[in-house]
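Below you'll find the structure, written out as structure tokens, and then a few comments.
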Amino acid sequence: MGALKAGGTVSVIDPQYPPERQKILLEIANPKFLVCIDRATHEFGQVSDVVMKFVTQELRIKSFVPALRLDDAGHLTGGGVPPTGRDVDMLAAQHSLRQHAPDVSVGPDSIPTLSFTSGSEGRPKGVQGRHFSLTHYFPWMARRFNLSENDRFTMLSGIAHDPIQRDIFTPLFLGACIVIPPADAVSYEVLADWMGEHKVTVTHLTPAMGQILVGGAVTPFPSLRNAFFVGDLLTKKDCRKLRELAPNTSIINLYGSTESQRAVSFFEIPSKAADEAFLDDLPDVIPVGQGMRNVQLLVVDRDDRTKLCGVGEQGELFIRAAGLAEGYLGSDERTAQLNQSKFLTNWFVDASQWTTAPYQRQASAGERPLPKWHQCYKGPRDRLYRTGDLGRLRPDGSVECTGRVDSQIKIRGFRMELGEIDACLSQHPFVRENVTIVRRDRNEEQTLVTYFVPEIKRWFQHCKHEEQRATEPELLDDSMIGMLRQFKSLSDDCKALLAAKLPKYAVPSILIPLVRMPLNPNGKIDKPALPFPDPADPALLTKRRASSVTASMTETQKQLAAVWASVLPNRTARMLVPGSNFFDEGGHSILAQQMFFRLKQQWKGIDLPVRVIFQSQTLEALAAEIDRAQDPIGLRLDALPLPTDENAADEAYAADARSLTSQLPKTFAAGAGALDAAAPSSSSSSSSSYTALLTGATGFLGSYLLHELLQGPRPASRVICHVRAKDAASGLDRLEGISRAYGLWRPEWASHNRVEVVAGDISRPQLGVAQETWARLADEVDVVIHNGAQVNWMLPYSSLRAANVMSTLACIRLCAAGKPKRLGFVSSTSTLDSAHYVSLSRKQGLAVSEGDSLEGSRKGLGTGYGQSKWASEYLVREAGRRGLAGAVIRPGYVTGDAETGMCVTDDFLVRLWKGCLQLGARPAIANTVNTVPVKQVSRIVVASSLCLPAAAAGGGETLQVAQVTSHPRLTLDEWLGALQVYGYDVPAVPYDDWCERMSRYVSDAAKPEHALLPLFHFVTGNLPADTVAPELDDANAAAALKLYSAGAAAATAASADRDGDPLRDSAVGVDTVGVYLAYLVAIGFLPGPGQHQARPLPGLPSATLQLIQQHAASGVGARSSRT
């Protein structure tokens, strides 16, 4: 308080921070006065020698108070400075000055505080607070929340952070009482008792501190009237627990940042006594509400900052407030740029018309002299602070946070929100609190690690009830290994919950139970302090189990366990037993490729296809496959017999498809309602209003399908998108974000209710949607376009059956329910990857007919994905024979946008470009590749789904096949040779030589990861043979495009006229490849070509370049584009 009155700037450094961090904070603050609080040095020790050396040698300190004390009588002493010693009070000479005001001027823009917030590269930023906001909000808060001098406030966060304003200045301004708990009271079960004992009426909490307050508590504390939460996301689960213990408490979720100097918005949840059901209609994460006095929360369009988002649209949150901090401390260019990017002049209004003019008129007219403090005032300013938070406006005018602009992480090519993982796990009844972070394991691989605090008593009671006698009835050991051992079954249960709600790549590899979360002095979870287990810790859990079975393991199993342990995170060979599953132990597709590479080195010359590691996932099963490959006629005595073949369906996909026909509807309603395109003479359908259901809408092709359905020649009035998400709101955020990234999103889609999202999962019955949603879809949808699928070239049919085959069966059954519907099923040319069709095309010179029965690939398809699409097609075509109208569409390689160049960086053909550049050579392969730009593919899919007539079909079928093929096709030589055309030095070499280069590259640990490493065994197996593809007939695709693009009658009249070729956009030539390469260079995926290129890369549209700047970091296109 003295420093503020003297016009100084106060910065508080917590003594619990490591000395090196204290040095950084002192360097940023560069103080002239240093005050040590005596009690802090007693509790946490003297200032370290490292810090004191920095203070004396690097800082120019004018005065040092070594031991500031305030006794019970209010007497202040400062301690003694050597050589005088502690008995001489260094402040004694200043006591006579207490009655005199300092001769300084302090105004609204004076800087009273310097707070610290996290910065890039681990270096904090110093935030300069202003006097303005110290008092601006207090009168309003007192009125709004009925705060007065009669209240008793807690102080739980310490004074080393910006909450000093909240925890100390608020009660001081009101004349209220501050109650400070002793350190041992801030713990589970104890804090609640302390609150009740001291009759606390108002408390400020972080959600983490709130979990300590209610954790294990049973005694109510009815005196509490207001609980203000700030600092992190507040969940409904947190609120429910508090309301049970404090039924008279209003919960106020506050929102703000260090840069706004304090919380500036609020969302109030009335007490349980006032409105018991209020929480029921709220989302899982409590909204941040609306601005306080003279504050606005603005949700700004991320693609066009001049626009505000409408209700339900996700944008970036900006705070408009008079009390924003001055900015970050520092005069260097980097700090100046940071201030310019975070603290902005409001561009939505002309501030000059009202902020400065009145003051200029007042000064010129001499109405009254300006006060002395005016020299410390820059006048009214209309500024915005860019928070970096994402949010959306709710219908009630409040705002809810949906994440951070920078909180998405990318692991193994997949993007995910850590908050989504935490939100799912927080729903577990025996998890009190949890947090997920990214750590690097011993192999420097990024690993998801979730920490959680169990509801210990309730969990042990549950275990006792379930007679899980292996679990102790009480906590016996709170060490890392003790917690891992005692809560292993709960960890497994948590993992199962996450696996049921999240994609596999988002399920943490490691779950660590803790007795309590470590908190920093600000009351937030101290993430750097979270422990990371040594690989030996989990090993101890399984040592006894492993040693008991080691003797019975075969030599192959032991060697294979060592191979697995060399790639799996936090696993040793002794932890693995015959029943261990590679993927359950933390493996994933990339680690599987690395494991297989080492397996081939361990057993040189073994003939084993890579897909066997996905089919035989246990140690025992894979070891048996290795034994069989080494000893095909069974002469080895040490080999175990092969386990029962549980994957018989992998080779009998056709039989499975035939058996599933018994689950098909017997009949389908005639016609297709609003989409009755069966009669070519009818042109009314072009103007019909219809509703479409689209699955797979968040993929690359799916994004363009959505755009085509809403913006194409026959636009839908509404598209319902099936999205894998926790709820419809987060699904819409995801859908919009991906569509924006491709430059396809139109704001009016949401504002005019043309896009709706239903959350679900295609791998679950009824697509994972609730029964009432299913019934509504049956009554409202006119056409189903089933584009969603799990695309994986390694997994067996049995692993893909649920997501690919059963989802197709669900879509067929939906078409039979409610109103008549058409079905557009997006299949794949992988259904034709058999020797029969290659022979038909090559030897007989025939293109595969769209009317072919597919009997030629009933056997012999080599991938589980191709088999799953074959089985799905079989079901759709059988449904067609029973009256289902629609089309099967078979694309090949879906390449990028031919105009913008946007393409997916994880596509095989794109990875092949990068892989060749890394090797400095390309393989000479003359096979053609069926590549078609994504816009043309999406147009053919929609056209065929809506317009392909049944009249030409034989056998009474109401459903036809439309094949998507390029005219003409590039060869693989031409596709890769385009690199040379545009100036890259990648000479063609024989395929075997290229494979040898590839093997040498991936064996060199010093090399960067190769782009083709996940597909190593595919590209070095027999690529010339594996990439042979038959030619395709596409007459139906052409007919559908004509009907789709013109009036049906006009299209019929022109059916023989090929002048307006509807397939003209199906070709990918060297010019198109140049656009793709230009895009990949622009986003940094590929290096630029050499200096002497024969042909320059084409320029990209300005809109594309702008999108690249906005979205390059978001990893557009993280999935393969071959359907």
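Letter 792 of the sequence shown, counting from 1, is numbered 792 in the UniProt record's numbering, and no numbers are missing.
We put the CB at the ideal spot given by N, CA and C, even for glycine.
{"Check": "Three or more C-beta pairs below 8 Å linking the segment 125 to 140 and the segment 265 to 277", "Outcome": "no"}
{"Check": "Whether V507 touches K524 by CB criterion (8 Å)", "Outcome": "no"}
{"Check": "Nearest-angstrom Cα separation, counted from D193 out to A1118", "Outcome": "Below a pLDDT of 50, predicted positions are generally treated as unreliable, and A1118, at 34, falls in that range; the measurement from the model is reported next regardless. When rounded, the distance between both Cα atoms is 51 Å."}
{"Check": "Status (buried if at least 16 other CB within 10 Å, exposed otherwise) for G1084", "Outcome": "exposed"}
{"Check": "Nearest-angstrom Cα separation, counted from A183 out to I212", "Outcome": "13 Å"}
{"Check": "Presumed contact (8 Å Cβ cut-off) between D71 and G80, rounded CB distance", "Outcome": "16 Å between Cβ atoms; not a contact."}
{"Check": "Exposed unless 16 or more other CB atoms sit within 10 angstroms - verdict on residue 1124", "Outcome": "Look at the range of the chain in this structure, 1 to 1123, and you will see that residue 1124 is not part of it."}
{"Check": "Alpha-carbon spacing of D280 relative to D478, whole angstroms", "Outcome": "36 Å"}
{"Check": "CA-to-CA distance, L735 to residue 1127, given in whole angstroms", "Outcome": "Lying outside 1 to 1123, the shown extent of the chain, residue 1127 is not represented and no answer is given."}
{"Check": "4-residue-minimum alpha helix (DSSP H) runs that sit fully inside the segment 682 to 716, ordered along the chain", "Outcome": "700 to 711"}
{"Check": "In chain order, each beta strand (DSSP E) run of at least 3 residues that lies wholly inside the segment 897 to 925", "Outcome": "none"}
{"Check": "Local conformation of N294 per DSSP, three classes", "Outcome": "coil"}
{"Check": "N294 to A322 span [Cα, whole Å]", "Outcome": "7 Å"}
{"Check": "For A208, the first and last residue of its enclosing alpha helix (DSSP H)", "Outcome": "P207 to V214"}
{"Check": "Distance, R813 Cα to S662 Cα", "Outcome": "12 Å"}
{"Check": "Three-way DSSP call (helix, strand, coil) for R746 in this model", "Outcome": "coil"}
{"Check": "Boundaries (first-last residue) of the alpha helix (DSSP H) holding residue 1127", "Outcome": "Residue coverage of the chain in this structure runs from 1 to 1123, which leaves residue 1127 outside it and unanswerable."}
{"Check": "Rounded straight-line distance, which links the Cα of G864 to that of N792", "Outcome": "8 Å"}
{"Check": "Residue-level contact to chain D via CB, D193, 8 Å cutoff", "Outcome": "Protein chains in the displayed structure number just one, and chain D is not present."}
{"Check": "Assigned secondary structure, L4 (DSSP; H/G/I helix, E/B strand, else coil)", "Outcome": "helix"}
{"Check": "Rounded straight-line distance, which links the Cα of Q290 to that of residue 1124", "Outcome": "What is shown of the chain runs 1 to 1123, which leaves residue 1124 out entirely."}
{"Check": "Y385 versus P371, S489, T258 and T447, residue with shortest Cα-Cα distance", "Outcome": "T258"}
{"Check": "Buried or exposed (CB count within 10 angstroms, at least 16 for buried), Q601", "Outcome": "exposed"}
{"Check": "H786 in three-state terms, based on DSSP", "Outcome": "strand"}
{"Check": "Whole-angstrom distance between L26 and R334, CA atom to CA atom", "Outcome": "19 Å"}
{"Check": "Limits of the unbroken beta strand (DSSP E) element including H136", "Outcome": "Taken as a continuous stretch (DSSP letters only), H136 belongs to no beta strand (DSSP E), being part of the alpha helix (DSSP H) at F132 to H136."}
{"Check": "Beta-ladder partner(s) of L191, from DSSP", "Outcome": "DSSP, once it has assigned bridges, lists no residue as partnering L191."}
{"Check": "First through last residue of the alpha helix (DSSP H) which encompasses I512", "Outcome": "Run containing I512: none in the alpha helix (DSSP H); it sits in the beta strand (DSSP E), I510 to P513."}
{"Check": "Candidates A802, M480 and L448, of which the one nearest P569 by Cα", "Outcome": "L448"}
{"Check": "Cα-Cα separation between P102 and D275, rounded to whole angstroms", "Outcome": "52 Å"}
{"Check": "CA-to-CA distance, Q427 to S739, given in whole angstroms", "Outcome": "30 Å"}
{"Check": "Secondary structure, beta strand (DSSP E): runs of 3+ residues fully inside the segment 44 to 130", "Outcome": "63 to 70, 113 to 117 and 125 to 129"}
{"Check": "Residue range of the unbroken beta strand (DSSP E) whose run includes P933", "Outcome": "T931 to P933"}
{"Check": "Proximity below 8 Å, CB of P207 to CB of D167", "Outcome": "no"}
{"Check": "Validate contact between the segment 1073 to 1080 and the segment 897 to 904 using beta carbons, cut 8 Å, 3 pairs", "Outcome": "yes"}
{"Check": "Environment of W347 [buried if 16+ CB atoms lie within 10 Å]", "Outcome": "exposed"}
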